[in-house]
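Student: Sharing a structure here in structure tokens format.
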Amino acid sequence: MTQRGRLYGCPVEFALDALGGKWKTVILARIKERPLRYSELRRMIPSLSDKMLTQRLSDLVEIGFVALETSPDGKGRYAVTERGRDLAAALQALYDWGNVHGRAEGVRFRTDIEAAA
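First residue of the sequence shown? That's 1 in full-length UniProt numbering, and the numbers climb one at a time after it.
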């Protein structure tokens, strides 16, 4: 996680430190479409453990990319903040790159299976 006042070699180093690892970007990619409850995220990312999902959501809230809001039914939902929305173009570029190059490598994506169901 980023530390205030830390010296970074360049802005890319800071950005990668803030996003740290694959799970934060995966969570942001899911939440960027609409606010989601913890249980919805859990179903959407089944390979992510409860402990790791809780930790990464906490990190994203602390960094200011995500906020925990109360929905009209009184339940908590995680929503992308303005700061998090600023990452939309970068996340889309990563998605597009992974889609093209992953398919070229013959990998499958869970989203393809969900769309076919």
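Think of the CB as a built atom: it goes at the ideal place given N, C-alpha and C, for glycine as much as any other residue.
#1: Flag this pair as touching only if the segment 73-91 and the segment 101-110 have three or more C-beta atom pairs under 8 Å; answer yes or no.
#2: Where does Tyr95 sit, in a helix, a strand or coil, going by DSSP?
#3: Quick one: give me the first and last residue of the beta strand (DSSP E) that Leu7 is part of.
#4: Does DSSP put Val61 in a helix, a strand or coil?
#5: Taking Val61 as the reference, which of Leu91, Phe109 and Lys24 has the closest Cα?
Tutor: Looking at the atomic coordinates:
#1: no
#2: helix
#3: No beta strand (DSSP E) holds Leu7; DSSP gives it neither H nor E.
#4: helix
#5: Lys24
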